[in-house]
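Structure record follows, encoded as structure tokens.
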Amino acid sequence: QVQLVESGGGLVQPGGSLRLSCAASGSIFSIYSMGWYRQAPGKQRELVAAISSGSWTNYLDSVKGRFTISRDNAKNTVYLQMNSLKPEDTAVYYCNARYAEENYWGQGTQVTVSS
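First residue of the sequence shown? That's 6 in the working numbering, and the numbers climb one at a time after it.
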């Protein structure tokens with residue numbers, strides 16, 4: 006079992022920055038592929054960024070160059086640095102951990118980009 010706890014969401018003006026954190030506990034963090042998903046009202050959940058156990062990364066096209074995913078295995082934490090935020094980035098952001106048949110989700114953190 007893996008428990009995931011997100012933090013760092015909030016209200017930010019367009020063009021601003023936020024850093025989301027996801028702290029994991031309960032298993033060997035380093036073996037998991039980690040991802041950040043988001044879900045806006047009335048829309049499907051989508052993958053924003055992912056990082057493998059070997060630190061390979063991939064991003065949603067609309068966030069490339071603005072968002073950066075990273076992991077600190079010593080702290081059992083994955084981060085999502087979000088810069089140049091846009092109103093369309095507004096959503097609940099969820100942390101995800103996957104390994105083999107295992108798939109875990111955090112409770113989500115709200116990110117609102119508005120002036």
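All C-beta atoms, glycine included, are put in the ideal place defined by N, C-alpha and C. Here the structure is a predicted model, which means the values were calculated and not measured.
Inspect the CB distances between the segment 28 to 42 and the segment 85 to 104 and report whether three or more fall short of 8 Å. yes
Pull the bridge partners of residue 114 from the DSSP assignment, please. As a first step, residue 114 must be located in the sequence shown, where it is residue number 109. BP columns for residue 114 point to 98.
Alpha carbons only, please: which of 90, 12, 7 is nearest the one belonging to residue 115? What you label residue 115 is simply residue 110 of the sequence shown in a count that begins at 1. Minimum Cα distance to residue 115 is reached at 12.
Tell me whether residue 11 sits in a helix, a strand or coil according to DSSP, three-state version. One-based indexing of the sequence shown puts residue 11 at position 6. Residue state, collapsed to three classes: strand.
Cβ pair residue 84, residue 25 closer than 8 Å: In the sequence shown, the residue the question calls residue 84 occupies position 79. In the sequence shown, the residue the question calls residue 25 occupies position 20. For residue 84 and residue 25, yes; Cβs fall inside 8 Å.
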